[in-house]
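Below is one structure, written out as structure tokens; the observations come after it.
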Amino acid sequence: MLGTAVKIRVERRLELPRRTSAAISGLLILLSFVVASAVFELLGVNSVRTLSTIVSVFLSPTSLLQAVIRGMPIGLAALGLSLAFRMNFWNIGAEGQLYMGMFAATGVVLLHAYYGAIPEQLLFTTMILASFVSGGLYCTLPGYLKAKLGVNEILPTLMLNYVAILFVDFLVYGPWRDPKGFSFPLSITFPDYARMDGFLGNASYLGLTMALVVAAIVYVLMNWTTIGFEMRVVGQNVDAAKYGGINLLRTTLIGSFLAGGLAGVGGLIIVSGLIGRLRPRASPGYGYTAIIVAFLAGLNPWLIVPASIFFGGLLVAGEAIQAALNLPVAAVQVFQAIIFIMIIVAEFFKRYRVTIRR
Amino acid sequence: MAAVGWLESILAGAVQAGTVFLIASLGEIYAERSGVLNLGMEGMMIVGAAVSFIVTNALGHGYAILAVLLMGLALGLGHAFLTVTLKLNQIVVGLALTILGLGLGGLLGNAEIRRRLILALNPAVEERNLIVQEAAKLPDIPIPVLKDIPVLGGMFFQQNALIYLSLVLTFVMWFILFRTRFGLALRSVGENPAMADAMGINVFITRYIAMAICGMLGALAGSYLFIGYQPFWVEGMTNGRGFIALALVILATWNPLRAVLAAYLFGGVETLQFRLQLLGVAAQIPQFLLMLPYIVTIVTLTLLSLESVRKRIGVPAALGIPYSRE
Amino acid sequence: MWVESPQTLVEMRGIVKRFPGVLANDSASFTLLRGEVHALLGENGAGKTTLMNILYGLYRPDAGQIYVKGRLVQIRSPRDAISLGIGMVHQQFRLIPTHTVAENIIVGSREIGFTLRYDAINEELSKLIKFYGWSIRPDSRVWQLSAGEKQQVELLKALYRKADILILDEPTSVLTPQETTVLFQTLRRMASQGLGVVLISHKLDEVMGVSDRVTVMRRGRTVATKPTKETNPEELAYLMIGRQIGVVEPRKTTLSPHPILETHGLKVLDDKGLLAVKGLSIKLHGGEILGVAGVSGNGQQELMEALVGLRRVEEGKILIGGIDVTNKPPSAFIDAGVAYIPPETLKYTASGMTVAENLILKSYRRSKFSHRFLINWRNVYEEAERLVKTFNIVAPSLKTRAGNLSGGNIQRLVLARELALQDDIKIVIAAYPTKGLDVASTEFIQRKLAETRDRGAGVLLVSEDLEELAMLSDRLIVMYKGGIVGELSRAEFDLETVGLMMTGVKRAEATA
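Protein chains in written order, with our numbering: chain A, 1 to 358; chain B, 359 to 684; chain C, 685 to 1196.
Below, the structure written as structure tokens:
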């Protein structure tokens, strides 16, 4: 046995049946649980209790609702990302676009509160529109740079995240600070009709509805419309797109606008559904989590909604773990990262078949 | 006179604040010059900071640096395995590593876990070290005679060991990159791996080495951030510096010597912002100042895309593209 | 094995190389002696580049032996070739533009020591440069150099590594006449030093001018090897092309009264910024097939891309149906009724999308397939079914990934997309449409083109297959170095004449 060499052969797969693909993904997600447990144990964390806490989050209705609303900003941003990634537009800037959405939504509230500019009934709708446009425009800048000048969009979108976060910092520490807020960097609280729990009782219901509607729109857009077709061709092969008469600039701008806009609406959910006002660092990296969710769901809008609920649940679990086991929320982040890495590794196994022979 | 003193202290502060950027970008330069984009720098940094925190309190600075280098090596090699051998998408792998690193950093920084780990490393450690949220800072080592030079003395000759190391490292890494066979091979791999392969260079090993260096320096940068600059643990203390290092590399056009200037520039902005806040200047201005590095990066990237510029100061042509010998 | 003679540097025997659907080398053989410049002549697709790529280790032969300096060798990669003293200069340079000349040359060399001492290196390189009478400087950056100078750097790469066998693949295609003269001086210099030089070329005048011996290849076989002094251009052209007469298919329609496609003085740049199409004027009428002969790389690609809106026109005009469409976007050309069958089908195929989606790549905007913004998939699938049957596209289903189809089927898909989905096709630009395809697919495509012509469209057929051109064209023009060497009507068609014209000999002289 010792003398014989083990030969590992790696060859590209010619076809990938659905069952094999699902099996690979499933196996690796299971593996992520194993790896996560190992890491936890190594650090002296009780993995069984940790993982059972996470699972229990999804079993209780109250925490499940919490999971839903926590997951919705992630979900909306991820839906936008599913568009962008299919167009080969690497939008790492979802985080910043979330913040720009928060900015716009809060701005609308302030316009209403201080200047009476918009009537109550139209307020929430205006907030949705404003956050959509704000996030959308913010994303078209890197989109334009890519389409017109060939600037790779990864770093510009990433850099703009920090700019947006600092911008919101500026607003909340400065001109938008609640004068009655005891000098804390917080905006005024939103009135009831500007808050998501004003509708349908629980913010989660509204949030979930919004997400499902958006998922449907994204699905129809990508698969049934000409613009979706154009975006997919651009994502596949830019030469083929040009050859087919597709206008690259127009398509890229539209795609980036939509992606950023959806993230912007995610931002609206944060200030209107989760917090009820604007504060600095309101998003603990939802825009980045959205990237993981988009990949986990294979860019499929229908899978993004449950995946984002799952990740929302992880966040809720994180806080439960913190309370019960005195563990940092970071434990959940490690778990997320491990899942992410496993999904990526799954990609390798989906692309290549590995055989081990003696 | 007071103005000069103030200027001197800002410049010295620029060096202290900038060194974290310098060390990180030196590593990233090697990675990117070999064609591998490492988006996981932020994660490597915070892991380095956390590990240096724990091991310093357990065993002191020397062992801390060793531990940090090992940790960085592991992360760098992990990245290389996923991107060079498995040829997975470098952007996605980098992001995953960042998130993993941030999570690990948070975990390691947690009081309970920290306590257990420190005890495991050194059962005889002082009780105090198990609890405190900080660690001993690296001592300043003033160099006699040179330290008294006006302005430059404060900047370069009254600093701690890691800062001196970073300056030596800059020169050494520049030399290796541009004046040695290995450096030429590395640069060629990043520009045209097919050509390098045909000329007899092992593209895969070269990229592994580059990522190993990048991982070690990334973690080292994080450890500097803690024991060399701000030795009190705050969650997420890297604050995006890892990503700024990426921008810095571009600003420095992948050249270690220019990286020094860029790093100290960013460090200067950071120091200035602190001082202004202390002086009670309106809190708004520092925020716009802080935006500067990010905006400058975008502008630089745009300029670099213009044909005329691209020819001379190129992005390494094969950056981000996995190499297969098909 | 045994030393044949100390003079023989390379001997290749019975080399066979197959690619999917194509026998590139059919028991080819080749010898190279010390001190000679040996030209390897043949049309594109004759197998000469493949044969040399095998010698350089880029491909492995399916059968045959290679002897280098008397020893039987296995060349598995360019590294092996380099260590055997073989160097190759390709048509597309493998240089790093941002690096210096010296850096490009010494990379990977074991001789230079860990620290690079540029003064010593530069001196050594300068000596070599002076010896060959060149004027490049080791410390210049490669992007600053002209094409001829870049070629010198490529040569230096081999010379620095003490290569004594040099292969140059169509080196003059990127050079000015002056640079060509310098190159030939260099080659003779090298030969006088005892090196063996292989010159792959299709240009008869150059072959006659600089080589000592000539080997002609045709359809993968070595047809003849002769000392240059003992042959002449006519004999070589005959050997290159062979004597085959195609079946004549008479034109069934009448020409349109006015040309549907015209160009006036068209000037188009290639990717390197050099002029590829140099003031070309042609007229294409509806109801005819205008064949364009010529070795690829003489501007045909750039011309075609300009004619469909995928490449900028620097000077001159393109008129479709009398309307100026110069430099309009591709969609304008599509709307004007231009169909394009591109040379590299995969380049314009979205391989990750389905067969059906690829079929409507250009026509998805038409009212049959989309209304306002919504795509009518039912109509799309109906039409796609029909096309798959008519064009015989073999695919498991309409939803199969296009990238999974075989080459021939992708070509049929492209054909279907171009010819059948646009109602009012007025012009078809076809680039090497049957290259690399099996007999059945080839016949099918040729028939379809003729049909399209019969329906009144004008077809511009660019091909390297002279038989095909002979069979299909109503008129034939020959392109050489971005211009038209001459035009022949069907009656005047003669393979030898065309062959000569393809190498630049003007019409009058060729028929003399």
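Beta carbons: idealized from backbone N, C-alpha and C, even for Gly. Keep in mind the model is a prediction, meaning the values are calculated, not measured.
(Q) If I measure Cβ to Cβ from Gly-769 of chain C and keep anything under 6 Å in the same chain, skipping five residues before and after, which residues do I get? (A) For this step, residue 769 of chain C is matched to residue 85 along the third sequence. Excluding residues within five positions, the ones whose Cβ falls inside 6 Å are Ala-847, Asp-848, Ile-849.
Q. Would DSSP call Ser-1224 of chain C helix, strand or coil?
A. Since the displayed chain C opens at 685 and closes at 1196, residue 1224 of chain C lies outside it and no answer follows.
Q.
Let me check understanding here. Comparing Cα to Cα, which of C:Arg-744, C:Glu-1067, C:Gly-975, C:Val-900 lies closest to Ile-759 of chain C?
A. As a first step, residue 759 of chain C is located in the third sequence; it is residue number 75 there, counting from the start. Ile-759 of chain C has its Cα closest to that of C:Arg-744, out of C:Arg-744, C:Glu-1067, C:Gly-975, C:Val-900.
**Q.** For Phe-89 of chain A, the three-state DSSP class (helix, strand or coil)
**A.** Residue numbering aside, residue 89 of chain A sits at position 89 when the first sequence is read from its first letter. Phe-89 of chain A: coil per DSSP, three-state reduction.
(Q) Looking at Pro-674 of chain B: is its Cβ nearer than 7 Å to the Cβ of Glu-390 of chain B? (A) Along the second sequence, one-based indexing puts residue 674 of chain B at 316. Along the second sequence, one-based indexing puts residue 390 of chain B at 32. The answer is yes: Cβ separation under 7 Å.
Q) With distances taken between CB atoms, is the gap from Gly-904 of chain C to Gly-731 of chain C smaller than 7 Å? A) Your numbering for residue 904 of chain C matches position 220 in the third sequence. Your numbering for residue 731 of chain C matches position 47 in the third sequence. In contact: Gly-904 of chain C and Gly-731 of chain C (Cβ atoms closer than 7 Å).
Q: Kindly list, in the order they appear in chain B, the residues whose Cβ is closer than 8 Å to that of Ile-344 of chain A.
A: Residue numbering aside, residue 344 of chain A sits at position 344 when the first sequence is read from its first letter. Residues of chain B passing the Cβ test: Leu-440, Leu-446, Asn-447, Val-450, Val-451, Ala-454.
Q: For the alpha helix (DSSP H) containing Asn-487 of chain B, list its first residue and its last residue.
A: As a first step, residue 487 of chain B must be located in the second sequence, where it is residue number 129. That run of the alpha helix (DSSP H) goes 485-489.
**Q.** From A:Leu-149, A:Leu-59, A:Gly-318, A:Tyr-138, residue whose alpha carbon lies closest to that of Tyr-162 of chain A
**A.** The count along the first sequence starts at 1 and reaches residue 162 of chain A at position 162. The shortest Cα separation from Tyr-162 of chain A among A:Leu-149, A:Leu-59, A:Gly-318, A:Tyr-138 belongs to A:Tyr-138.
Q) Under 7 Å, do Gly-406 of chain B and Ala-577 of chain B count as touching if we go by C-beta distance? A) Position 48 of the second sequence, counting from 1, holds the residue named residue 406 of chain B. Position 219 of the second sequence, counting from 1, holds the residue named residue 577 of chain B. With contacts defined as CB atoms closer than 7 Å, Gly-406 of chain B and Ala-577 of chain B qualify as a contacting pair.
Q. In chain C, what lies closer than 9 Å to Thr-564 of chain B by C-beta?
A. On the second sequence, residue 564 of chain B is found 206 positions in, with the first residue counted as 1. Going along chain C, no residue has its Cβ under 9 Å from Thr-564 of chain B, so there is no contact; the nearest lies around 11 Å.
Q.
Here's a check: name, in chain order, each residue in its chain whose Cβ is nearer than 6 Å to the Cβ of Gly-975 of chain C, leaving out the five neighbours to either side.
A. Within the third sequence, the letter at position 291 stands for residue 975 of chain C. Contacts found: Leu-1145, Leu-1153, Ser-1157, Leu-1160.
Q. Do the segment 562-570 of chain B and the segment 434-453 of chain B meet, that is, are 3 or more Cβ pairs less than 8 Å apart?
A. Yes: the two stretches touch, three or more of their Cβ pairs being nearer than 8 Å.
Q: Select from the segment 743-772 of chain C all residues with a C-beta closer than 8 Å to any C-beta belonging to chain B, and list them in chain order.
A: From the segment 743-772 of chain C, only Ser-761, Pro-762, Arg-763, Ile-766 have a Cβ closer than 8 Å to chain B.
Q) Roughly how many angstroms lie between the CA atoms of Val-932 of chain C and Met-1155 of chain C, to the nearest whole one? A) The count along the third sequence starts at 1 and reaches residue 932 of chain C at position 248. The count along the third sequence starts at 1 and reaches residue 1155 of chain C at position 471. Low confidence applies to Val-932 of chain C: its pLDDT is 46, below 50, so where it sits in the model is not reliable, and the reading given next is rough at best. Spanning the two alpha carbons is a distance of roughly 5 Å.
Q.
Taking a contact to mean a Cβ-Cβ separation below 7 Å, would you say Gly-580 of chain B touches Met-403 of chain B in this structure?
A. Translated into the one-based positions of the second sequence, residue 580 of chain B becomes position 222. Translated into the one-based positions of the second sequence, residue 403 of chain B becomes position 45. In contact: Gly-580 of chain B and Met-403 of chain B (Cβ atoms closer than 7 Å).
**Q.** Where Ala-425 of chain B meets chain A, residues with beta-carbon distance less than 9 Å
**A.** If you number the second sequence from 1, residue 425 of chain B lands on position 67. Residues of chain A passing the Cβ test: none, with the nearest at roughly 15 Å.
Q) Hey, would you say Gly-136 of chain A sits closer than 7 Å to Gly-266 of chain A, going by beta carbons? A) Taking the first sequence and counting its residues from 1, one reaches residue 136 of chain A at position 136. Taking the first sequence and counting its residues from 1, one reaches residue 266 of chain A at position 266. Not closer than 7 Å, so no.
Q. Taking Tyr-647 of chain C as the reference, which of B:Phe-646, B:Met-557, B:Asn-597 has the closest Cα?
A. Residue 647 of chain C cannot be examined here, being either before or after the span of chain C that is shown, 685 to 1196.
(Q) Is Val-233 of chain A close to chain C? Criterion is C-beta to C-beta, closer than 7 Å. (A) Within the first sequence, residue 233 of chain A is the residue found at index 233, counting from 1. Interface residue, yes.
(Q) Can you give me the C-alpha to C-alpha distance between Arg-86 of chain A and Leu-303 of chain A, rounded to a whole angstrom? (A) Here residue 86 of chain A corresponds to residue number 86 of the first sequence, with the count starting at 1. Here residue 303 of chain A corresponds to residue number 303 of the first sequence, with the count starting at 1. Whole-angstrom Cα-Cα distance: 15 Å.
Q. How is His-942 of chain C classed by DSSP in three states: helix, strand or coil?
A. Here residue 942 of chain C corresponds to residue number 258 of the third sequence, with the count starting at 1. Residue state, collapsed to three classes: coil.
Q | Whether Gly-817 of chain C touches Leu-859 of chain C by CB criterion (7 Å) | A | Position 133 of the third sequence, counted from the start, is the residue given in the question as residue 817 of chain C. Position 175 of the third sequence, counted from the start, is the residue given in the question as residue 859 of chain C. No; because the gap between Cβ atoms is not below 7 Å, this pair is not in contact.
**Q.** Contained beta strand (DSSP E) runs [length at least 3] in the segment 690-741 of chain C, N- to C-terminal order
**A.** 692-703, 706-717, 721-725
(Q) By the three-class DSSP mapping on this structure, what secondary structure does Leu-662 of chain B have? (A) On the second sequence, position 304 is the one that residue 662 of chain B refers to. Leu-662 of chain B falls in the helix class under three-state DSSP.
Q: Starting from His-969 of chain C, follow the beta strand (DSSP E) in both directions and report where the run begins and ends.
A: Start at 1 with the first residue of the third sequence, and residue 969 of chain C comes out as number 285. Run containing His-969 of chain C: 959-969, per the beta strand (DSSP E) assignment.
**Q.** chain B within 7 Å of Gln-333 of chain A, Cβ atoms only
**A.** Residue mapping note: residue 333 of chain A aligns to position 333 of the first sequence, counting from 1. Chain B, which has a Cβ nearer than 7 Å to the Cβ of Gln-333 of chain A, makes this yes.
Q: List the residues that DSSP assigns as beta-bridge partners of Leu-315 of chain A.
A: Counting from one through the first sequence, the residue named residue 315 of chain A turns up at place 315. Answer is none; Leu-315 of chain A lacks a bridge partner.
(Q) Mapping the DSSP letters down to three states, classify Gly-371 of chain B as helix, strand or coil. (A) Numbered from its first residue, the second sequence carries residue 371 of chain B at position 13. Helix, per DSSP.
(Q) Taking only three categories from DSSP, how would you classify His-948 of chain C? (A) Working through the third sequence from its first residue, we reach residue 948 of chain C at position 264. Strand.
Q) With DSSP run on the structure shown, which of helix, strand or coil describes Tyr-743 of chain C? A) Taking the first residue of the third sequence as 1, we reach residue 743 of chain C at position 59. Correct three-state label for Tyr-743 of chain C: coil.
Q: Can you say whether Gln-66 of chain A is buried or exposed, counting buried as having 16 or more other CB atoms within 10 angstroms of its CB?
A: Position 66 of the first sequence, counted from the start, is the residue given in the question as residue 66 of chain A. Buried, because 16 or more other Cβ atoms sit within 10 Å of the Cβ of Gln-66 of chain A.
Q: Quick one: grab the DSSP three-state call for Phe-58 of chain A.
A: Against the first sequence, residue 58 of chain A aligns to sequence position 58. Phe-58 of chain A sits in coil when the DSSP states are folded into three classes, being neither helix nor strand.
Q) Got a sec, what are the start and stop residues for the alpha helix (DSSP H) Pro-1014 of chain C sits in? A) Walking along the third sequence from the start, residue 1014 of chain C turns up at place 330. Here the alpha helix (DSSP H) through Pro-1014 of chain C covers 1014-1019.
Q | Rounded C-alpha distance that separates Pro-306 of chain A from Ile-341 of chain A | A | As a working note, residue 306 of chain A is residue 306 in the first sequence. As a working note, residue 341 of chain A is residue 341 in the first sequence. About 19 Å.
Q: Could you have a look at His-1055 of chain C and say whether DSSP puts it in helix, strand or coil?
A: Position 371 of the third sequence, counting from 1, holds the residue named residue 1055 of chain C. His-1055 of chain C: strand per DSSP, three-state reduction.
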